[in-house]
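Note that the numbering used here gives residue 758 to position 178 of the sequence shown, counting from 1, and the numbers run on in steps of one. All residues carry an ideal CB built from backbone N, CA and C; glycine is no exception.
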Amino acid sequence: HAAMSFWAFLLATLCLLPISPAESADQEREDRLTEEMETNLFDGDVISLLPDGETFAAVEMESQADSTRGGIILLHGRGFHADWPENIGPLRVGLSEAGWHTLSLQMPVLEKSAKYFDYLPVLPEAMPRIDAAIAHLKDQGISPVVLLAHSCGAHMAMLWMEQHGDSGIDAFVGIGMGATDYKQPMRHPFPFASVAIPVLDLYGEEDFPAVHRMAPERLDLMNKGGNPLSQQIVSAGADHYFTDSSDQLTEQVSTWLDSLGWD
581 HAAMSFWAFL
591 LATLCLLPIS
601 PAESADQERE
611 DRLTEEMETN
621 LFDGDVISLL
631 PDGETFAAVE
641 MESQADSTRG
651 GIILLHGRGF
661 HADWPENIGP
671 LRVGLSEAGW
681 HTLSLQMPVL
691 EKSAKYFDYL
701 PVLPEAMPRI
711 DAAIAHLKDQ
721 GISPVVLLAH
731 SCGAHMAMLW
741 MEQHGDSGID
751 AFVGIGMGAT
761 DYKQPMRHPF
771 PFASVAIPVL
781 DLYGEEDFPA
791 VHRMAPERLD
801 LMNKGGNPLS
811 QQIVSAGADH
821 YFTDSSDQLT
831 EQVSTWLDSL
841 GWD
């Protein structure tokens with residue numbers, strides 16, 4: 581009976597343990613990525629945000645044009661850093677050259693092998709970072725504000741919009757939205773029917789199947805949102821990461837922002 585009690589106790593204890601080992605973000609890996617980013621940074625300045633809580637790094641770059649058209653907050657993809665050379669790095673620099681004040685945030689990361697379901701408990705950790713970025717631009721009197729997010733960053737941005745609507749932002753750019761892993765369907769809905777701001781849904785012609793498969797659903801929700809400036813664009817020849825297509829990525833985002841007629 582003692583042996584039975586022991587095993588019953590052990591089983592009960594195991595049931596209390598988290599199913600996934602990744603319940604919170606990997607701070608050490610984030611620090612390494614930030615260090616790597618700082619070492620290779622050419623344009624912009626690394627700043628710390630969120631002074632009241634856990635600080636995190638962001639790359640800020642003022643408009644390189646004669647005036648400032650507004651602010652763009654950029655959220656990178658899974659396991660990357662805020663100046664990733666394939667996509668978010670050249671994009672933030674290109675947008676600053678086009679007259680935007682850019683703020684690219686370091687987002688929470690997990691170990692390299694982590695999948696979409698592993699990231700689900702980590703998504704809420706991004707919420708105060710987005711809030712801090714919006715407050716930082718507001719403190720400088722920079723408006724309008726665009727939230728731009730790629731891949732896993734888009735899951736974080738969409739959760740933020742699910743909770744906040746579009747308060748504090750004036751447009752949303754989602755790149756490669758809906759990317760998950762094999763047999764790991766999205767757990768949070770696309771929030772576009774409930775926001776009034778213009779939305780750009782941009783994805784590569786060679787993007788992941790899930791991104792393509794859910795494109796009609798995203799378009800339908802954007803139409804329900806009802807902003808006539810919202811648009812869905814397939815980027816010719818581009819993969820999910822816009823490998824060797826960063827100039828095209830920058831041009832397509834810039835052209836859409838021009839179409840909003842804010843100037």
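DSSP three-state assignment for residue i, whether helix, strand or coil
i, result
"aspartate 781", "strand"
"leucine 728", "strand"
"valine 814", "strand"
"isoleucine 710", "helix"
"valine 775", "coil"
"leucine 690", "coil"
"glutamate 786", "strand"
"tryptophan 842", "coil"
"methionine 794", "coil"
"threonine 648", "coil"
"aspartate 606", "coil"
"isoleucine 749", "coil"
"serine 600", "Because the pLDDT of serine 600 is 45, which lies under 50, any placement of that residue in the model is unreliable, and the question is left without a value."
"glycine 754", "strand"
"histidine 744", "helix"
"leucine 594", "Confidence in leucine 594 is poor, its pLDDT being 48 and thus under 50, which makes the residue's placement too unreliable to answer from."
Closest by C-alpha distance to residue i, when choosing among the options
i, options, result
"glycine 733", "Phe636, Ala662, Glu786, Lys692", "Ala662"
"tyrosine 783", "Asp606, Asp819, Pro724", "Asp819"
"phenylalanine 622", "Gln607, Val639, Pro708, His730", "Val639"
"threonine 648", "Ile722, Asp746, Met794, His792", "Ile722"
"glutamine 811", "Gly817, Leu683, Leu799, Phe822", "Leu799"
"glutamate 634", "Thr830, Asp611, Thr835", "Asp611"
"aspartate 606", "Thr619, Ile714, Gly748, Phe636", "Phe636"
"leucine 683", "Arg672, Val689, Lys692, Glu677", "Arg672"
"alanine 645", "Ala678, Asn807, Val626", "Ala678"
"aspartate 625", "Ser676, Arg609, Glu608", "Ser676"
"proline 796", "Pro808, Asn807, Leu809, Val814", "Val814"
Whole-angstrom distance between residue j and residue i, CA atom to CA atom
i, j, result
"proline 670", "alanine 706", "22 Å"
"phenylalanine 752", "aspartate 711", "15 Å"
"aspartate 824", "glutamate 666", "7 Å"
"valine 791", "glutamate 785", "10 Å"
"glycine 756", "histidine 730", "6 Å"
"valine 833", "glutamate 615", "28 Å"
"serine 839", "leucine 717", "22 Å"
"glycine 748", "proline 708", "13 Å"
"alanine 700", "proline 789", "What sits at residue 700 in the sequence shown is leucine, not alanine. Rounded to whole angstroms, leucine 700 to proline 789 spans 20 Å at the Cα level."
"glutamate 831", "glycine 674", "8 Å"
"valine 775", "tyrosine 821", "26 Å"
"alanine 713", "glutamate 642", "14 Å"
"aspartate 827", "proline 704", "31 Å"
Status (buried if at least 16 other CB within 10 Å, exposed otherwise) for residue i
i, result
"serine 628", "exposed"
"glycine 841", "exposed"
"glutamine 686", "buried"
"glutamine 743", "exposed"
"leucine 809", "exposed"
Validate contact between the stretch 737-748 and the stretch 796-803 using beta carbons, cut 8 Å, 3 pairs: No, they do not touch.
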